[in-house]
Amino acid sequence: MLAVRRINRLDDRIAKIVIVLMAIGTVFVYSASADVGEELNLKRFYDHPGLRQIVYFPLACLVMFTLSAINHRHLSFAQGAWRSFTPYLLILSLILLAIVLIPQLGTQVNDARRWIRVPIGPARISFQPSELAKWASIFFLAAVCAKNNFQIKSFWKQFLPICAVVGAFVGMIIAEDFGTAAFIVLLSFCMLLVGGAKWWHLLSPLPLVLALFFVMLYQSPHRIERIKAFLHPEQHSDTTAYQATQSLVALGSGGLWGKGLGNGVSKYGHLPEDTTDFVFAIIGEELGLVGTTSVILLFIAFIWMGSLVVIRSKDGFSQLLAGGIVLAISLQAALNIGVVTVVLPTKGIPLPFLSGGGSSLLVSAAAVGVLLNIAKQTADTEPANS
Amino acid sequence: MKRLPAILVLFSLLVVVFSLLILRCFDLQYKQHDRFVKQSIKAQQKRIPHVGNRGIILDGRARILAAGKPVLTVFVEPRAIVDVKATSAAIAEILKIGAHTVCREILENKHRGYLEIKRDVGYEEAIVVDRIFGVGVEKQWLRTYPMGSLLSHVVGFTTVDGKGSCGIELEYDALLRGHSHYEVLLADVSRRPIRSLLRAPVQRSGSQSGQGVILTLDATIQSFVRECLAEQLTAFEAESGHAIVVHPKTGAIWAMVSLPDFDPTHAHRQWAENPRLFTNHALNDQYEPGSIMKPMVMAIALDAGVISREEKIFCENGLYHGKGFGSIKEYNYRKYQHLTAKEILVKSSNIGMAKIGQRLGKKRLHDGLVRLGFGHKTGIKLSGEATGLLRSADQWTGYSVTRIPFGQEISVTAMQLIRSFCILCNQGRVVRLHLVKAFVDSNGLPEVRDSRFEVADQVGYVIDPEVAKWIVDDALTAVVNEGTGHRAQLDKWQVFGKTGTAQIARESGRGYEEGAYVASFIAGAPAGDPAVVVLVSIRRPNRKLGYTGGKVSGPVVAKIMDKTLNYLEARGWALAHKESPERI
Numbered sequence: 001m002l003a004v005r006r007i008n009r010l011d012d013r014i015a016k017i018v019i020v021l022m023a024i025g026t027v028f029v030y031s032a033s034a035d036v037g038e039e040l041n042l043k044r045f046y047d048h049p050g051l052r053q054i055v056y057f058p059l060a061c062l063v064m065f066t067l068s069a070i071n072h073r074h075l076s077f078a079q080g081a082w083r084s085f086t087p088y089l090l091i092l093s094l095i096l097l098a099i100v101l102i103p104q105l106g107t108q109v110n111d112a113r114r115w116i117r118v119p120i121g122p123a124r125i126s127f128q129p130s131e132l133a134k135w136a137s138i139f140f141l142a143a144v145c146a147k148n149n150f151q152i153k154s155f156w157k158q159f160l161p162i163c164a165v166v167g168a169f170v171g172m173i174i175a176e177d178f179g180t181a182a183f184i185v186l187l188s189f190c191m192l193l194v195g196g197a198k199w200w201h202l203l204s205p206l207p208l209v210l211a212l213f214f215v216m217l218y219q220s221p222h223r224i225e226r227i228k229a230f231l232h233p234e235q236h237s238d239t240t241a242y243q244a245t246q247s248l249v250a251l252g253s254g255g256l257w258g259k260g261l262g263n264g265v266s267k268y269g270h271l272p273e274d275t276t277d278f279v280f281a282i283i284g285e286e287l288g289l290v291g292t293t294s295v296i297l298l299f300i301a302f303i304w305m306g307s308l309v310v311i312r313s314k315d316g317f318s319q320l321l322a323g324g325i326v327l328a329i330s331l332q333a334a335l336n337i338g339v340v341t342v343v344l345p346t347k348g349i350p351l352p353f354l355s356g357g358g359s360s361l362l363v364s365a366a367a368v369g370v371l372l373n374i375a376k377q378t379a380d381t382e383p384a385n386s
Numbered sequence: 387m388k389r390l391p392a393i394l395v396l397f398s399l400l401v402v403v404f405s406l407l408i409l410r411c412f413d414l415q416y417k418q419h420d421r422f423v424k425q426s427i428k429a430q431q432k433r434i435p436h437v438g439n440r441g442i443i444l445d446g447r448a449r450i451l452a453a454g455k456p457v458l459t460v461f462v463e464p465r466a467i468v469d470v471k472a473t474s475a476a477i478a479e480i481l482k483i484g485a486h487t488v489c490r491e492i493l494e495n496k497h498r499g500y501l502e503i504k505r506d507v508g509y510e511e512a513i514v515v516d517r518i519f520g521v522g523v524e525k526q527w528l529r530t531y532p533m534g535s536l537l538s539h540v541v542g543f544t545t546v547d548g549k550g551s552c553g554i555e556l557e558y559d560a561l562l563r564g565h566s567h568y569e570v571l572l573a574d575v576s577r578r579p580i581r582s583l584l585r586a587p588v589q590r591s592g593s594q595s596g597q598g599v600i601l602t603l604d605a606t607i608q609s610f611v612r613e614c615l616a617e618q619l620t621a622f623e624a625e626s627g628h629a630i631v632v633h634p635k636t637g638a639i640w641a642m643v644s645l646p647d648f649d650p651t652h653a654h655r656q657w658a659e660n661p662r663l664f665t666n667h668a669l670n671d672q673y674e675p676g677s678i679m680k681p682m683v684m685a686i687a688l689d690a691g692v693i694s695r696e697e698k699i700f701c702e703n704g705l706y707h708g709k710g711f712g713s714i715k716e717y718n719y720r721k722y723q724h725l726t727a728k729e730i731l732v733k734s735s736n737i738g739m740a741k742i743g744q745r746l747g748k749k750r751l752h753d754g755l756v757r758l759g760f761g762h763k764t765g766i767k768l769s770g771e772a773t774g775l776l777r778s779a780d781q782w783t784g785y786s787v788t789r790i791p792f793g794q795e796i797s798v799t800a801m802q803l804i805r806s807f808c809i810l811c812n813q814g815r816v817v818r819l820h821l822v823k824a825f826v827d828s829n830g831l832p833e834v835r836d837s838r839f840e841v842a843d844q845v846g847y848v849i850d851p852e853v854a855k856w857i858v859d860d861a862l863t864a865v866v867n868e869g870t871g872h873r874a875q876l877d878k879w880q881v882f883g884k885t886g887t888a889q890i891a892r893e894s895g896r897g898y899e900e901g902a903y904v905a906s907f908i909a910g911a912p913a914g915d916p917a918v919v920v921l922v923s924i925r926r927p928n929r930k931l932g933y934t935g936g937k938v939s940g941p942v943v944a945k946i947m948d949k950t951l952n953y954l955e956a957r958g959w960a961l962a963h964k965e966s967p968e969r970i
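And the structure:
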């Protein structure tokens, strides 16, 4: 008998949106990596961000579909904490974060120690453990909230241990990657809010968090410079606000339809980090307002589909997990676009699916894989004839 | 459930944020588009100038007087260079210059976008050095003057940035200047070109060379004029001198020499050392001409009919004085009695001329001089031409009427003298002196032929042709054959002319400097149908060696005249030789 199944199932739609976004990203990372002085040298394939991305794209799809086949409930603490993947993921993240901080092993890029580089044959796999830590903490929060039945009543027995786990991550990241650390704090706050934590519980560490935030801010002169530059861009257009200014020039000169694919000029060294954090500006330059609006609309569609997954999820864990994944991705996208359009001060946050860089793309794809599995299960539980 | 609405509220907030970001993009990319395009032009475009060659300057026989030569210049962009030491070492090795010097220069100009390293680099070296990052090669035009200082004052020179700075180079700068055009390229952050701004390759209008100028000057004549004049300046230890050779029928200037002169190639250095070298004495000097004025005034008097050729004028035995004009003596205290007009010129009698001046009266004398072109510029297209000084008749005193006829109380330029003399040679017709024969376009094809200058302006006669002819063929021929101008005699051709020895007026304006003279001689040949007019004027010769126009300038005129006429004859000009071989 042929079963009547819904075409355009939710998981397929999400997968399509994400694949389209990753495809756009791959094209623009390739375009943005153009350089006048260097011709493509296939012997140095892996040194070329544009070519690397062409490898990462199918790899990310593979990871996404593979994980979509694995039941996401393996992440839940329902069967006991140590039977799920989550604690192992947490421990792995902690180990990797520790490795990064060891000078002999971690690699310094742009004055910050955020990377692990593992040479494999001709390629050097660069990996950013904070990306993994971000997802591990989301999984952990969803699992732990579900385990506590979404009622975190005791400050000392429930709330504080959770905060301690998240705090450990944040503490290890904050020194080298302030942006990601702050982002994890923000995400955790949202997750706990939704996951049943009490307001006064959440607000109690706030003074501490704020104090820490400002201490971190004032410890580093270049963060203050960045904020000053953000507030008075004209005075700093050659120095600190250079990147922001160039980002605006790239976007603004694109106009309505853009300069045409591959015709951008800012990518030739004018705009730093054009393949990674500022790839959105290159999209704006080459495809114009049409391109930037399309990308933002794809993210809105992603939220829309994500909210359908959340609504259709039957159990609280899936709901919170799906919500967390969608929130993490779209919030990060919003922050990145905010930085690129200079609504927010410059901060190194990649644009999910679009920015160049393997670890961010693969880990995001993995998270979407989990989301797809949740979406699949909502479809499976629905009546087949609907 | 409390959980679901909370998640949905968060999601809705995110959708709102994204919508606001779309609005932000709309503002940036649509509303502020023009502003950012302007901003991007500043940072992301590179303009490569293609400078057109400056037009050539040729003499009347198409010899090159000034032309542009392509020169490859190596420059660096100091702000783009990261490893100064390595870059300068690489440059130094190819160009064979000191690496330390290059390195120091780059470091001293670290923030500049352009620094010239070496000019006039060979093609092979340029190709190699161009490959070094931060180094560029550009084609420039170097102005060259193959004739050196031969025509320095007329042709002039150009500044380092290619602007005309004096002479023809300045006067016709707009015409000579090449048309530059800028190739606009998109550039990366290190100013390396990416591609042309225009997506489709448009046919370039390109740079264009400036128009060329063909002068009436003849470098051959110019060279012997300069040679003869220089010789005489040395011989008489004179301060300066000038000589002009003109074709009287057309007013075409064949030679214009002013000494001392400069070398246009090293003009900038010489300007700093001695700016006086740059004075074109033939054009910029104005002086009291002395006796050289006599034939002009005589022509005015004969034309006005106040005297006749046969009439004898009593020359007062060498001392003429009266109320209102002081006393007038002859040169060297000679004493003359009754002289005809011709004799007055031959003997160069001051008193005779003064009496003629009195007969003419202020108005007729003044008008006559104006008609002959005194008191205003000749309009030759060279900068710095002096006007001379001819006071208006109502400012004249009794002294003026009696002094101007022998060349005092009036200040003239060499150009004015030679023009009035050409009028006499040309049987009273006005002649316009000119230096430019034609303009050619950048391909060397004649473009604008300035036909106005080709023949004398047919504005009629300012002097009766009969009178003019008599002055030239009779009186001035006699001056050379019998009188003060005997040193300008030639065996082959009948020369006519007039000497002039003038004292240099004090700068205070009162009286004359002791022993300071301008020795002039103006002459034409052959009599009957003059083909050439020469003016030689030597300023401040050594008094002990000689100071009269006849002695100092006469021989120079003779030499120039002889060489010029021989040269013209060799070129096929039909010139009338002397009828009798013996001297009259």
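First to last, the sequence lines map onto chains Y and D. Residue 93 in my numbering sits at position 93 of the first sequence, with consecutive numbering throughout. Residue 513 in my numbering sits at position 127 of the second sequence, with consecutive numbering throughout. The C-beta atom is built at its ideal place from N, Cα and C for all residues, glycine as well.
Measure the C-alpha to C-alpha separation of residue i and residue j and round it to an integer number of angstroms.
i, j, result
"Leu321 of chain Y", "Val118 of chain Y", "31 angstroms"
"Leu21 of chain Y", "Thr276 of chain Y", "14 angstroms"
"Pro587 of chain D", "Trp135 of chain Y", "Confidence at Pro587 of chain D is low in this model, with a pLDDT of 48, below 50, so the placement of that residue should be treated as unreliable; the coordinate-derived value is given next. Spanning the two alpha carbons is a distance of roughly 51 angstroms."
"Asn439 of chain D", "Arg505 of chain D", "17 angstroms"
"His628 of chain D", "Ser426 of chain D", "59 angstroms"
"Met746 of chain D", "Lys763 of chain D", "The question names Met, but residue 746 of chain D in the sequence shown is Leu. Straight-line Cα distance between these residues: approximately 24 angstroms."
"Gln243 of chain Y", "Val265 of chain Y", "14 angstroms"
"Arg563 of chain D", "Pro233 of chain Y", "44 angstroms"
"Val848 of chain D", "Phe825 of chain D", "31 angstroms"
"Ser398 of chain D", "Ala301 of chain Y", "12 angstroms"
"Arg612 of chain D", "Lys884 of chain D", "21 angstroms"
"Glu494 of chain D", "Ile480 of chain D", "22 angstroms"
"His486 of chain D", "Ser474 of chain D", "8 angstroms"
Mark residue i as exposed unless 16 or more other C-beta atoms lie within 10 angstroms of its C-beta, in which case mark it buried.
i, result
"Phe214 of chain Y", "exposed"
"Phe543 of chain D", "buried"
"Gly935 of chain D", "buried"
"Ile924 of chain D", "buried"
"Gln79 of chain Y", "exposed"
"Thr292 of chain Y", "buried"
"Tyr531 of chain D", "buried"
"Asn336 of chain Y", "buried"
"Pro103 of chain Y", "exposed"
Could you check what DSSP says for residue i in three-state terms: helix, strand or coil?
i, result
"Phe825 of chain D", "strand"
"Pro832 of chain D", "strand"
"Gly598 of chain D", "strand"
"Ala842 of chain D", "Note that Ala842 of chain D scores a pLDDT of 47, beneath 50, so its modelled location is shaky; the value from the coordinates is reported in the next line. Correct three-state label for Ala842 of chain D: coil."
"Ser735 of chain D", "coil"
"Val343 of chain Y", "coil"
"Thr26 of chain Y", "helix"
"Phe183 of chain Y", "helix"
"Ser694 of chain D", "coil"
So residue i and residue j are in contact, right, with Cβ under 8 angstroms, and what is the actual spacing, rounded?
i, j, result
"Phe422 of chain D", "Gly252 of chain Y", "3 angstroms"
"Leu10 of chain Y", "Met305 of chain Y", "6 angstroms"
Q: Flag this pair as touching only if the region 687 to 699 of chain D and the region 763 to 770 of chain D have three or more C-beta atom pairs under 8 angstroms; answer yes or no.
A: no
Q) Just checking, does the region 877 to 897 of chain D make contact with the region 952 to 967 of chain D on the three C-beta pairs under 8 angstroms criterion? A) yes
Q: Please determine if the region 566 to 582 of chain D and the region 670 to 679 of chain D are in contact, where contact requires at least 3 C-beta pairs separated by less than 8 angstroms.
A: no
Q: Inspect the CB distances between the region 800 to 814 of chain D and the region 901 to 913 of chain D and report whether three or more fall short of 8 angstroms.
A: Between the region 800 to 814 of chain D and the region 901 to 913 of chain D, the count of Cβ pairs shorter than 8 angstroms is three or higher; the stretches touch.
Q | Cβ contact check for the region 412 to 419 of chain D and the region 552 to 562 of chain D: 3 or more pairs under 8 angstroms | A | no
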